[in-house]
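When the letters of the sequence shown are read in order and numbered with full-length UniProt numbering, they come out as residues 1 to 170. Here a beta-carbon is modelled for each residue, glycine too, at the ideal position from N, C-alpha and C. One structure below.
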Amino acid sequence: MEALKQYLALYLFSNLIFGLCILGALKKPMWARLFLAGFFLWACYLNSTLVVKLPEVYLDYGKFTFSSFYREFIYGYFSQHTKTIIHIIAFGQFLLFLGLLLNRTWTKLACIGGIIFGLAIAPLGVGAAFPATISMAIAFFILLKNYKHDFIWNWRQYKNETFIYRKPSK
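Following this line, the structure appears as structure tokens:
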């Protein structure tokens with residue numbers, strides 16, 4: 001609970017933004033896609049630079065998580081290989097950014113990666129602004145299941161599409 005008090009403003013802001021991202025995925029998929037691409041580019045940059053300067057900061061996630069498995073991993077293996085693991089995560093974030101810029105299969109793969117990423121970091125709790133990561137995963141799911149994606153610079157690609165839940169074809 002102390003962690004929530006310490007990061008309350010950022011926590012509320014993150015949850016508001018990713019809650020709006022769900023709405024964006026439903027109503028304005030281009031804006032949601034642009035936001036998510038920008039977010040992952042920023043996250044890639046932040047993680048790849050911060051881990052070089054202050055790798056010990058990432059060990060703080062151990063006190064935020066509500067998962068004993070994550071806590072043991074962070075204070076164990078992760079603490080000995082922080083730079084390598086964070087650089088791999090940053091590379092994955094960059095791939096998500098690229099996939100969101102590209103079309104069809106690449107965008108779908110980025111959406112699947114975004115869902116996995118959001119669900120994987122959810123157990124970090126307040127450190128990952130839970131439940132914002134679940135909201136992010138939902139936004140990615142909506143983008144994945146409801147739209148055909150062209151390159152991001154094709155601004156008119158969603159013009160005639162509105163969100164309608166489609167049952168998966170058998």
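Proximity test, LYS27 beta-carbon vs the ligand PLP heavy atom, cut-off 7 Å: Looking for the ligand PLP in the displayed structure turns up nothing, as the structure carries no ligands at all.
Three or more C-beta pairs below 8 Å linking the stretch 13 to 22 and the stretch 131 to 142: yes
Exposure label - PHE40; buried when at least 16 CB within 10 Å: Here residue 40 is taken as the residue at index 40 of the sequence shown, counted from 1. Label assigned to PHE40: buried.
Cα-Cα separation between LEU101 and LEU109, rounded to whole angstroms: If you number the sequence shown from 1, residue 101 lands on position 101. If you number the sequence shown from 1, residue 109 lands on position 109. Cα to Cα, the separation comes out at about 12 Å.
Cα-Cα separation, LEU119 to ALA137: On the sequence shown, position 119 is the one that residue 119 refers to. On the sequence shown, position 137 is the one that residue 137 refers to. Looking at the two C-alpha atoms, the distance is approximately 7 Å.
VAL51 to LYS83 span [Cα, whole Å]: Position 51 of the sequence shown, counting from 1, holds the residue named residue 51. Position 83 of the sequence shown, counting from 1, holds the residue named residue 83. Distance between the alpha carbons of VAL51 and LYS83 is about 6 Å.
Nearest candidate by alpha-carbon position, reference LEU59, set SER67, PHE69, SER79 and ALA43: Residue 59 sits at position 59 when you count from the first residue of the sequence shown. With distances taken between Cα atoms, LEU59 lies closest to SER79.
Exposed unless 16 or more other CB atoms sit within 10 angstroms - verdict on ARG33: Your numbering for residue 33 matches position 33 in the sequence shown. With 16 or more other Cβ atoms within 10 Å, it is buried.
Neighbour-count burial assignment, TYR70, 16 or more Cβ in a 10 Å radius: To locate residue 70, count along the sequence shown from 1; it is residue 70. It counts as buried.
Selection from LEU36, LYS5 and MET30 that minimises the alpha carbon distance to PHE117: Taking the sequence shown and counting its residues from 1, the one referred to as residue 117 is at position 117. Answer by Cα proximity: LEU36.
Cβ-Cβ distance between PHE91 and CYS111 below 8 Å: Position 91 of the sequence shown holds residue 91. Position 111 of the sequence shown holds residue 111. No, they are not a contact pair.
Continuous alpha helix (DSSP H) stretch holding PHE64: start and end: Counting from one through the sequence shown, the residue named residue 64 turns up at place 64. Start and end: 61 to 64.
Own chain partners of LEU144 with C-beta closer than 8 Å, once the 5 adjacent residues on each side are dropped: Here residue 144 refers to the residue found at position 144 of the sequence shown. Same-chain partners within the cutoff: LYS108, CYS111, ILE112 and ILE115.
Selected residue, minimal CA-CA separation from LYS5, among TYR77, PHE94, PHE64 and GLU72: Working through the sequence shown from its first residue, we reach residue 5 at position 5. Minimum Cα distance to LYS5 is reached at PHE64.
4-residue-minimum alpha helix (DSSP H) runs that sit fully inside the stretch 76 to 155, ordered along the chain: 82 to 101, 104 to 121 and 132 to 146
Short Cβ contact (8 Å threshold) for CYS44 with GLN93: Counting from one through the sequence shown, the residue named residue 44 turns up at place 44. Counting from one through the sequence shown, the residue named residue 93 turns up at place 93. Their beta carbons are under 8 Å apart, which means CYS44 touches GLN93 by this criterion.
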